[in-house]
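Take a look at the structure set out below.
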């Protein structure tokens, strides 16, 4: 008789090394975890914490550059080999299934989906007839709307959510005891994310599987987790039941991560100042290709917004909603097809030449990708000083202003002569902010400015934005898909979907009392949302 | 998808049209086009007739349209020394070149891809380095040098003269020139299939397949190689030009009675009519070949079909 | 993920590259000063000294590498040939690089009909191997050294054009281009100070691929008798003279042939190495 309390997975003092030349000696050290039957353990950490390495070690697919030097990993009481072994291959797939972050990339692009799933059964000797029916059964178990059609499709024809369902189906085909999910919803839209999390919870019970869920998102943890382990730099800082750890975090790091996950709108109130930037029914349509291959894409459709001096407007939407295109329109980097834009009452829709250049000095931008936003050949001091130089400053003047800006954004003057590659993501974003603010703009547009950063760094950069706004008095348009960020930083918000504005208003009212159906869906899908209060 | 096909066809047509126009411009602004197109030893009256037929006195655009009309009717002029039409001269020699080209391609593909695969699977060790060294050598080796060396070895080592006049178009006779012609392509196919396979092996879906329990052999044969083969198709299409260029020199070295040898001879004797036709035929072949590659992609890569 | 942990490559220069560099240096020196090594003039014929073999195969130190069919010293002719090949290769490659790159940049900068025209020209060139184009032009027009130089120079221009167009188009999408435009920079400033320096790498890489191909094209055309004309000579031209005497006077084929081979090989090896250093993610996965 099986001991129903026997651990499914047990890690004891596991240590995995890194090759010479890496930033530290161990990928993970002294890691001990236990997962019991029907339990979900969430492994939380930022990039570089070692969480993915643990997953690979458990699966037995560690690359040879990362040796399992210490400790043991036991699955259902049996040791897992320290290195890749072909014998283990077959065994492992029966006991464990794995789901990765990018679902479409984990499927063979030139084979039909059904064929690929069948292959899993094929290598275990299942007969042809049985294979097809089992795969179809699995495809409906993962709640695909049309299993037959999915069976015949190619991976690239699926949306991110559908592809993830298929990969989950593949992982559960052989009824494993453990499902390892490595950031499975990170790349998905908020609404799809919610659906997948629900699916995993449902399947866990249906198939009697334990889950090791790797994520950086506490909202996700509160949705699906029973147990949680927090990792940083290869070590486990805190472990315990989700209820306890989230309510009463003991560790400093855990607490800082939790703070970032809060959707706290209490600090914000709308200021009564003059209108500084206004968009009136603007539209933007992109045309691609020539002759017979032309496609039209309506990026922005009849959008109107109003920004008052010194305030912050958040533009919230999922990817493809048109928020970045809107930013380009407001910055006059793209010409709108219709509608008007006003700056301080003046019509700037068709500005050209010197007037346009003048306008540019008043409205600046900080972009999402800190690694593409700086010319790798320019020292950061030159990058920051470039703005004033373009507008006529002498080199000396621009240079000294640039050094001033460096300290303002929290970097040392000594770093002035370095190149962008020598800085971390968060630091590069500070440089971009310096480059924008040296122009003393009245409006700063931040397009997903913190989305590419780790959560703990995000908090610091958002604080920086707020601090600088108080000091320099500019208005901000903050574009983001992350509701937590929007709530924390804005006075008013507009919600976009498919190029249109779905709802707008004061942040606190929109978030507490959303009117539009889409807004309601967006807010309730945010992981961790528990009826009126997100975390 | 029809948009894709139509735009490719249109582009091909425009390319051919531009090529024909360019050829027209060059011939028009060269020496005496009439004398070039007329049969040899033609008396002045016949040349004048040609001049009239070519409309050399008429405005340029009329000449152009006449030229296009001629091309359309298949009249590409007559060869200077033989008096035969350039088209028939070309067709006479085409089989030899096709035979040689086909053999070279076959050798290059089989040897090249095998070497590349072996190299990718043995990454880092001496086999891999050997294949890479071979491909660098093959790339740098002038084909005429290699061909001459082959002939030299054949003569000195085997007492067979391989570069003789009228080399027999047999499968033994074609081997030396085919090896020479195929050498450069072999090197590039080896190198490319190696890098394509290596890139594919490191893709996430192969790691995921391993996680699903698929064996290494199966992953290689059913997942890695089909994906790695796709970009290879483009390469093969692109290397057609190199094959044609190479055959010009190789046929000369081995006195192989193909189109390449005809081209060189025609250039030397200023036989414009024949040169012109060969150039247009080559352009046509390459454009068609590229179209075929594009359409082949529709079949082998499902991702293209969505575009 | 394992890419993060790839061990760092040895930063020293491999032996092969050093050898290749050495050969190229020797070649250049030979091309520039080789004629001084021999007391003979490259045109000096000598009826009595025809087809003399080189040292070690029955020859004398008067003609260390032997003579050709007209009794001309092979050593001095090789030196001159090397010079011509060197000039044609470098000038030619530069012409193609500059012309092609410019067209590519213009195509990417000014989208629209001009771009379509340039793409059309690229398409035409892509469907005609350069040797065929060269043969055609040489048949139609009177051959001259300048014309030949130009034709050889055109080798590969369409690759530069395509590469540069692609590079500039993608550079335009880079975050920093957008941010600097927002700062108020003029198009000229963006292209000149930001886009151009960043795509220069690509030109350099292509240059290293293109140079050996240009050498091979020149020698092939000269070998066919359609390239460099007498009294000038090139390495390929010497080989064409030796073609008919392959068995009797093999040195006329072997020596120039080996020089061409090792030159192309060395440039390729150096090119590979430069590519690896400039951008390890680019090509040859070692």
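Protein chains in written order, with my numbering: chain A, 38 to 572; chain B, 1458 to 1764; chain C, 1027 to 1312. The beta carbon of each residue, even a glycine, is placed where N, CA and C say it ideally should be. Note that the structure is a prediction, hence the values are computed from the model and not measured.
A Cβ-Cβ separation of about 17 Å leaves residue 517 (chain A) out of contact with residue 545 (chain A) under the 8 Å criterion. The continuous stretches of alpha helix (DSSP H) do not include residue 45 (chain A), and DSSP gives it neither H nor E.
Those residues of the region 520–532 of chain A placed with their C-beta closer than 9 Å to a C-beta in chain C do not exist. Not one beta carbon of chain B lies nearer than 7 Å to the beta carbon of residue 426 (chain A). Taken through DSSP and simplified to helix, strand or coil, residue 83 (chain A) comes out as coil. For residue 1596 (chain B) against residue 1672 (chain B), the beta-carbon gap comes to about 36 Å, at or over 8 Å, which does not count as contact. Counted as a single uninterrupted DSSP element, the beta strand (DSSP E) harbouring residue 110 (chain A) occupies residues 105–112.
For residue 232 (chain A), the enclosing alpha helix (DSSP H) has its first and last residue at 227–243. Under the three-pair Cβ rule at 8 Å, the region 1278–1298 of chain C counts as touching the region 1580–1600 of chain B.
With respect to chain A, the C-beta atom of residue 1138 (chain C) has no partner C-beta closer than 7 Å.
When DSSP states are grouped into helix, strand and coil, residue 562 (chain A) belongs to the helix group. The region 1142–1150 of chain C and the region 1085–1104 of chain C do not touch, with fewer than three beta-carbon pairs separated by less than 8 Å.
Bounds of any alpha helix (DSSP H) do not take in residue 353 (chain A); it lies within the beta strand (DSSP E) bounded by 349–353.
For residue 1098 (chain C), none of the residues of chain A pass the 7 Å Cβ criterion, the least Cβ distance being about 52 Å. In the structure shown, the three-state DSSP call for residue 386 (chain A) is coil. For residue 216 (chain A), the enclosing beta strand (DSSP E) has its first and last residue at 215–219.
Around the beta carbon of residue 1073 (chain C), fewer than 16 other beta carbons sit within 10 angstroms, so the residue counts as exposed. Neighbours of residue 1705 (chain B) across chain C, judged by C-beta separation under 9 Å: 1155, 1157, 1158, 1161, 1246 and 1250. At least 7 Å separates the beta-carbon of residue 1721 (chain B) from that of residue 1604 (chain B). Close to residue 1207 (chain C), with beta-carbon spacing below 9 Å, are these residues of chain A in chain order: 368, 370 and 397.
Between residue 1210 (chain C) and residue 397 (chain A), the C-beta gap is smaller than 7 Å, which places the two residues in contact. Within chain B, the C-beta atoms nearer than 9 Å to that of residue 207 (chain A) come from 1665 and 1669, in chain order.
Not a single CB atom of chain C sits nearer than 7 Å to the CB of residue 1658 (chain B). Using a Cβ-Cβ distance cut-off of 8 Å, the region 247–261 of chain A and the region 71–82 of chain A are in contact, since at least three pairs of beta carbons, one from each stretch, lie closer than that value.
Among the residues of chain C, none has a CB under 9 Å from the CB of residue 1533 (chain B); the nearest is roughly 14 Å distant. Secondary structure at residue 66 (chain A): strand, using DSSP grouped into helix, strand and coil. Note on residue 1474 (chain B): under 16 other CB atoms within 10 angstroms of its CB, so exposed under the neighbour-count rule.
Within chain A, no C-beta atom comes nearer than 7 Å to that of residue 1217 (chain C); the closest sits roughly 13 Å away. The continuous beta strand (DSSP E) containing residue 376 (chain A) extends over residues 375–380.
Bounds of any alpha helix (DSSP H) do not take in residue 453 (chain A), whose DSSP letter is neither H nor E. DSSP, reduced to helix, strand and coil, places residue 343 (chain A) within a strand of the structure shown. Here DSSP, grouped into helix, strand and coil, assigns residue 1109 (chain C) to helix. From the listed residues C:1171, C:1180, C:1168 and C:1139, the smallest Cα separation to residue 1158 (chain C) is found for C:1180. Residue 1585 (chain B) does not reach chain A, its nearest Cβ partner there being about 17 Å away, counting only Cβ pairs nearer than 8 Å. Judged by DSSP in its simplified three-state form, residue 500 (chain A) adopts helix.
As DSSP reads the structure, residue 401 (chain A) sits in a beta bridge with A:481.
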